[in-house]
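Structure, as structure tokens:
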Amino acid sequence: MDEHTFSVLEFSKIKNQLKEKISTAIGELIVENITPKINLQQIFNNQRETTEMREIISYDGIPPFSRLEDISSELRRSAVKGSILDAKKIIKILKVLKISRLIKKFLLKTKEKYPLIRERAEKIRTFSELEKEITQCIDEDGVVLDRASPELRKIRRDIMKKEQTLKNKLETIIRSSRFAAIIQEPLITVRQNRYVIPVKQEKKVKFPGIVHDKSDSGATLFIEPFVVVELNNLLRQ
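In the numbering used here, each number is its position in the sequence shown, counted from 1, plus 12.
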């Protein structure tokens, strides 16, 4: 079919209208590259599929389609030996797996009078065990859960214990009458990923520690007491 015919048919306009209804990046790419069919049997089958899908929507409702992100780059990367995907990328893959499974389930529950759509649905691969494993390890916000592995659980508990020990030491300093006139505010804060205490600038020499920051006015110094330096180091490892 020549360019003049495409222009007369306003084929580009038709494709743009179709792309507005597409829920996947891959679908948009397919539409962009689509060309008119000339094989009558193929045309007939495509029309039957369209009719079947229209009837499914009319009588069974809209399938659980959702905006599917393109995960092709994540899949290519995961296929490389030794590669690592961060948790958020894994959740991105999980969402596609879940939607694909739900679409297949929905379409296979439709009546037997939709053989072409059912045939397509049967070809959709599902990975329920992989879904389950990902859900067991990562929450929907991309946070790796303690139950992801016994070793991770052990490491996190160890970190919590060290963190609590460190805070207890700082609380002891804050409550001490020895430092009451030196500390600007009786609180524990964080500067440069280190737990510190706000100290009056003019009292710095009386508070042994490392200065990590100061207030805008310069009246307050955020100091890491020497007594917690080792614990802070362990928490940063």
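The beta carbon of each residue, even a glycine, is placed where N, CA and C say it ideally should be. Just so you know, these numbers come straight off a predicted model, no measurement behind them.
TODO: Please name the residue in Asn245, Leu243, Gln213, Lys218 whose C-alpha comes closest to that of Gly230.
DONE: As a working note, residue 230 is residue 218 in the sequence shown. Checked all of Asn245, Leu243, Gln213, Lys218; the closest Cα to Gly230 is Gln213.
Task: Local conformation of Val217 per DSSP, three classes - done: Here residue 217 refers to the residue found at position 205 when the sequence shown is read from its first residue. Three-state result, Val217: helix.
Task: Leu97 versus Glu22: straight-line alpha-carbon distance, rounded - done: Numbered from its first residue, the sequence shown carries residue 97 at position 85. Numbered from its first residue, the sequence shown carries residue 22 at position 10. Whole-angstrom Cα-Cα distance: 43 Å.
Open item on the list: Can you tell me where the beta strand (DSSP E) holding Ile237 begins and where it ends?
Closed with: Residue mapping note: residue 237 aligns to position 225 of the sequence shown, counting from 1. Just to set this straight, residue 237 is Pro in the shown sequence, not Ile. Residues 232-237.
TODO: Please determine, among Leu119, Ile102, Glu81, the residue with the shortest C-alpha to C-alpha distance to Arg89.
DONE: Locating residue 89 in the sequence shown gives position 77, where the first residue counts as 1. Residue Ile102 is the option with its Cα nearest to Arg89.
Open item on the list: Which same chain residues end up closer than 8 Å to Ser140 when comparing Cβ atoms and leaving out the 5 residues on each side of it in sequence?
Closed with: Stepping through the sequence shown from its first residue, residue 140 is reached at position 128. Excluding positions up to five away in sequence, the list reads Arg113.
TODO: List the endpoints of the continuous alpha helix (DSSP H) containing Ile167.
DONE: Position 155 of the sequence shown holds residue 167. From DSSP, the alpha helix (DSSP H) with Ile167 extends over 162-187.
- [ ] Express the C-alpha separation of Lys226 and Val202 in angstroms, rounding to a whole number.
- [x] Within the sequence shown, the letter at position 190 stands for residue 202. Within the sequence shown, the letter at position 214 stands for residue 226. Distance between the alpha carbons of Val202 and Lys226: 12 Å.
TODO: Compare the Cα-Cα distances from Ile11 to each of Pro220, Leu157, Arg159 and report the closest residue.
DONE: Any property of residue 11 remains undetermined from this structure, which presents the chain solely from 13 to 249.
Open item on the list: So, for Ser35: in the same chain, excluding its five sequence neighbours on each side, which residues have a beta-carbon less than 8 Å away from its beta-carbon?
Closed with: Here residue 35 refers to the residue found at position 23 when the sequence shown is read from its first residue. Cβ within range, chain order: Phe77, Ser78, Arg79, Leu80.
Task: Beta carbon of Thr122 nearer than 8 Å to that of Arg130 - done: Translated into positions along the sequence shown, residue 122 becomes position 110. Translated into positions along the sequence shown, residue 130 becomes position 118. Yes, they are a contact pair.
Task: Simplified DSSP assignment, three categories, for Val155 - done: Along the sequence shown, read from residue 1 onward, the residue named residue 155 stands at position 143. Coil, per DSSP.
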